[in-house]
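As structure tokens, the structure follows; a few thoughts come after it.
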Amino acid sequence: WFLIKYHPYYSTIDKIRTIRFSRTRVSVFNFLVLHDVMKNITLDSKCTFIDQFLKIINYLLDNAPRSDVFKMINLLQSCQSDTIINGDLSDRVMNLETNTLPPIKRKFEEDLEWNEADPDLDDEESKSYQNICIEIKNVPLVFTHKKMLKAYKSIDGFSRIALFPPETNESNHTKAYVTFRSGTDYKTALQGIKEAQIDHFIPDTSRIHHFSPIIRSYRGAWSSEKVVIAQILKLIEIIRKLDEDYLIYSDRFPPIPDYNSSLETEDNTSSTDNSTPTETKSGSESEGFASGDEMEEGVEICKENVCLLRAEEIVHQFSFDDTIIKQADNSLVSVLDSLIIYLRVVHSCDFYSFSKNFLDNDMPLRCQNLSVRRSLPIASLDENKIDAQIALINSKAMLLGPIKSNFTPGTIDEISRNFKEEKTQIDNFFEEKAKELRPNVWICHLCKKKFQGKEFVHKHIFNKHSQNIDLIKINVQFYNNFIGQSRDPSNITDECILPRSDELENEDATTPVAKKSNISTISDVYALEPLVKKSLTVYSNLEQSEFNSFDF
Numbered sequence: 001w002f003l004i005k006y007h008p009y010y011s012t013i014d015k016i017r018t019i020r021f022s023r024t025r026v027s028v029f030n031f032l033v034l035h036d037v038m039k040n041i042t043l044d045s046k047c048t049f050i051d052q053f054l055k056i057i058n059y060l061l062d063n064a065p066r067s068d069v070f071k072m073i074n075l076l077q078s079c080q081s082d083t084i085i086n087g088d089l090s091d092r093v094m095n096l097e098t099n100t101l102p103p104i105k106r107k108f109e110e111d112l113e114w115n116e117a118d119p120d121l122d123d124e125e126s127k128s129y130q131n132i133c134i135e136i137k138n139v140p141l142v143f144t145h146k147k148m149l150k151a152y153k154s155i156d157g158f159s160r161i162a163l164f165p166p167e168t169n170e171s172n173h174t175k176a177y178v179t180f181r182s183g184t185d186y187k188t189a190l191q192g193i194k195e196a197q198i199d200h201f202i203p204d205t206s207r208i209h210h211f212s213p214i215i216r217s218y219r220g221a222w223s224s225e226k227v228v229i230a231q232i233l234k235l236i237e238i239i240r241k242l243d244e245d246y247l248i249y250s251d252r253f254p255p256i257p258d259y260n261s262s263l264e265t266e267d268n269t270s271s272t273d274n275s276t277p278t279e280t281k282s283g284s285e286s287e288g289f290a291s292g293d294e295m296e297e298g299v300e301i302c303k304e305n306v307c308l309l310r311a312e313e314i315v316h317q318f319s320f321d322d323t324i325i326k327q328a329d330n331s332l333v334s335v336l337d338s339l340i341i342y343l344r345v346v347h348s349c350d351f352y353s354f355s356k357n358f359l360d361n362d363m364p365l366r367c368q369n370l371s372v373r374r375s376l377p378i379a380s381l382d383e384n385k386i387d388a389q390i391a392l393i394n395s396k397a398m399l400l401g402p403i404k405s406n407f408t409p410g411t412i413d414e415i416s417r418n419f420k421e422e423k424t425q426i427d428n429f430f431e432e433k434a435k436e437l438r439p440n441v442w443i444c445h446l447c448k449k450k451f452q453g454k455e456f457v458h459k460h461i462f463n464k465h466s467q468n469i470d471l472i473k474i475n476v477q478f479y480n481n482f483i484g485q486s487r488d489p490s491n492i493t494d495e496c497i498l499p500r501s502d503e504l505e506n507e508d509a510t511t512p513v514a515k516k517s518n519i520s521t522i523s524d525v526y527a528l529e530p531l532v533k534k535s536l537t538v539y540s541n542l543e544q545s546e547f548n549s550f551d552f
């Protein structure tokens, strides 16, 4: 995780993977708009169709056959025209003690229900409705995502693997979800996992028969017109920054920095890694044409965010009196919901919990959880509650945006004293590798050649051993990236994939990662216990890699 996060080459490769996923997710969102799937869907706890809506999104993200997708859309529309369940979804908020949802039956779910009593069900119609997921409960902490991917990708029907961080610092193992495409034979998939050779590892497996959408509600002064407009403006700001940072509406990719093979470790080496954006695959290297990760052939990348433009136009044309407390207009709420859905689908960010789902693209359900609002009665609101709600949105929403340096002048001076200078490091390298044997006789310790002057040794190193100079430059950048980002007060990442419902009132939830782990220098990282190092992987969608022997 350390190498991939701060090394310029590996961090760029990881970003290209995210860009490809996000561009595919834009096409999913556009499909929802084109076919009016979001009609009558409001992200309020009283809406009874959100779980069905999430199922359709997950079908699209998995590139399911269009016939199955339209069948689910028709079922959703029939449910919307029929009153099946009244009341709100507050009874579906996850129980924080048992981590389960209360059972609830609806016509929609009964039509698509998997027969959990028979795990080896051979009904082809049932198989077509969902992927097959096998949980491995005893994954050693030394296993990386790439190592497991290399072992399992040749299994028939393999789609992806999600490797979780350990639950606690005291854990001696973690878990992984291995997902196979719908229609794959379960027994064949299970046998393939057991026969895969990963350091004589014997997996403890179980089948997860059904993944249901998880809906969580957050109570607040959400329905006020002033708060709704504040949410829209903040969402426009966040989405624009994320779209620009991840080049969503561009046909280009970030330039990949120079790569040096001496930086590789066993876990980083992969025959599928390439040094050009056009050759770099997205997601798991094994995920093929049916995985939904790659853009379909002939799909044109959109040039602008129509959803964002529509929201800006409506907000700018809308006039309101902020001194009057009243319910927001339905047109404003519709714009708000479409922006929240865009943020969740395209960028895997859950607005009302202020969290980013880093494992979204590797999970069996790629859009499993969604937070909704549970608005306080408009009659119970006053100016103080509304202002407090807006202040909370503005302060916590920074968790969803791209990382941007926010140093104070004093912090810059303090950090810069710990930075390494490229010229100084190169000069030190010359001093170490160029030694005087006797008067006017110098030797290069890299190849043991002798020269008649120190300057000739330096020239020789530049010409014949330039890869060492490149390594020093990358090393300096690598080191300074870590020192700078770990001390940046805006480098805050929410640690919870499914955050606690009391986080909105808990100011400690916004504590920066670096502050929690007391990491400010390279020596601090090496001083951590191995389990602590591993547990930090929750903060980024990165693979765990062995530390390289960089001369820090």
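Final position of the sequence shown in this note's numbering is 552; the numbers increase by one with none missing. Glycine is no exception: its CB is placed at the ideal position from the N, C-alpha and C atoms.
Thr-184 and Gly-157 closer than 8 Å at C-beta: Translated into positions along the sequence shown, residue 184 becomes position 184. Translated into positions along the sequence shown, residue 157 becomes position 157. A contact, by the Cβ cut-off of 8 Å.
Gln-477 vs Pro-166 beta-carbon contact at 8 Å: Along the sequence shown, read from residue 1 onward, the residue named residue 477 stands at position 477. Along the sequence shown, read from residue 1 onward, the residue named residue 166 stands at position 166. Against a cut-off of 8 Å, the Cβ pair of Pro-166 and Gln-477 comes out as no contact.
Same chain only: Cβ atoms within 6 Å of Leu-235, ignoring 5 sequence neighbours per side: Taking the sequence shown and counting its residues from 1, one reaches residue 235 at position 235. Hits under 6 Å: Leu-339.
Span separating the alpha-carbon of Ile-19 from that of Arg-25: In the sequence shown, counting from the first residue as 1, residue 19 sits at position 19. In the sequence shown, counting from the first residue as 1, residue 25 sits at position 25. Distance between the alpha carbons of Ile-19 and Arg-25 is about 10 Å.
Where Arg-344 falls: helix, strand or coil (DSSP): Working through the sequence shown from its first residue, we reach residue 344 at position 344. It is helical.
8 Å Cβ cutoff met for Ile-325 and Ser-224: Here residue 325 corresponds to residue number 325 of the sequence shown, with the count starting at 1. Here residue 224 corresponds to residue number 224 of the sequence shown, with the count starting at 1. Cβ atoms of Ile-325 and Ser-224: closer than 8 Å.
Three-state secondary structure assigned by DSSP to Gly-220: Counting from one through the sequence shown, the residue named residue 220 turns up at place 220. In the structure shown, Gly-220 sits in a strand (DSSP, three-state: E or B).
Whole-angstrom C-beta distance between Thr-188 and Cys-133, which should lie under 8 Å: Looking up residue 133 in the sequence shown gives position 133. Looking up residue 188 in the sequence shown gives position 188. Wrong, their Cβ atoms sit about 15 Å apart, outside the cutoff.
Alpha-carbon to alpha-carbon, Ser-67 and Arg-240: Mapped onto the sequence shown, residue 240 falls at position 240. Mapped onto the sequence shown, residue 67 falls at position 67. Roughly 34 Å separates the two Cα atoms.
Cα-Cα separation between Ile-443 and Asp-427, rounded to whole angstroms: The residue you call residue 443 lines up with position 443 of the sequence shown. The residue you call residue 427 lines up with position 427 of the sequence shown. When rounded, the distance between both Cα atoms is 16 Å.
Anticipated Cβ contact below 8 Å, Ala-162 with Leu-376, distance rounded: For the purposes of this step, residue 162 is identified with residue 162 of the sequence shown, where counting begins at 1. For the purposes of this step, residue 376 is identified with residue 376 of the sequence shown, where counting begins at 1. With 8 Å as the limit, Ala-162 and Leu-376 do not qualify as a contact, their Cβ atoms being about 36 Å apart.
As assigned by DSSP and simplified to three states, the class of Gln-191: Locating residue 191 in the sequence shown gives position 191, counting from the first residue. Residue state, collapsed to three classes: helix.
Residue environment, Lys-396, which counts as buried when at least 16 other CB atoms sit within 10 Å: Numbered from 1 along the sequence shown, position 396 holds the residue referred to as residue 396. Its Cβ being crowded by 16 or more others within 10 Å, Lys-396 is buried.
Cβ-Cβ separation, Ile-41 to Phe-53 (assumed contact under 8 Å), whole Å: The residue given as residue 53 occupies position 53 in the sequence shown. The residue given as residue 41 occupies position 41 in the sequence shown. Phe-53 to Ile-41, Cβ: 5 Å. Contact.
Exposure label - Cys-367; buried when at least 16 CB within 10 Å: Here the question's residue 367 lines up with position 367 in the sequence shown. Answer is buried; the Cβ neighbour count reaches 16.
Selection from Arg-219, Leu-400 and Ala-176 that minimises the alpha carbon distance to Ser-380: For the purposes of this step, residue 380 is identified with residue 380 of the sequence shown, where counting begins at 1. When each option's Cα is compared against that of Ser-380, the closest is Arg-219.
Helix, strand or coil at Arg-181 according to DSSP, with G and I counted as helix: Within the sequence shown, the letter at position 181 stands for residue 181. Of the three classes helix, strand and coil, the one that applies to Arg-181 here is coil, per DSSP.
DSSP bridge partner residues for Glu-436 (one or two, in chain order): As a position in the sequence shown, residue 436 is number 436, starting the count at 1. The partner list for Glu-436 (beta bridge, DSSP) reads Trp-442.
Residue nearest to Glu-422 in terms of C-alpha spacing, selected from Phe-462, Arg-344, Phe-456 and Ile-474: For the purposes of this step, residue 422 is taken as the residue at position 422 of the sequence shown. With distances taken between Cα atoms, Glu-422 lies closest to Ile-474.
Three-state secondary structure (DSSP) of Ile-19: In the sequence shown, residue 19 corresponds to position 19, counting from 1. Helix.
Enclosing beta strand (DSSP E) for Val-457 [first to last residue]: Locating residue 457 in the sequence shown gives position 457, where the first residue counts as 1. Taken as a continuous stretch (DSSP letters only), Val-457 belongs to no beta strand (DSSP E), being part of the alpha helix (DSSP H) at 454-464.
Residues of its chain near Arg-207, where Cβ-Cβ distance is below 8 Å and the 5 sequence neighbours each way are ignored: On the sequence shown, residue 207 is found 207 positions in, with the first residue counted as 1. If we look at Arg-207 and ignore the five residues flanking it on each side, its Cβ neighbours are Pro-119, Ile-132, Cys-133, Ile-134, Glu-135, Tyr-186 and Leu-190.
Residues of its chain near Pro-257, where Cβ-Cβ distance is below 8 Å and the 5 sequence neighbours each way are ignored: To locate residue 257, count along the sequence shown from 1; it is residue 257. So the list reads Pro-8, Tyr-9, Thr-12 and Ile-474, once near-sequence residues are dropped.
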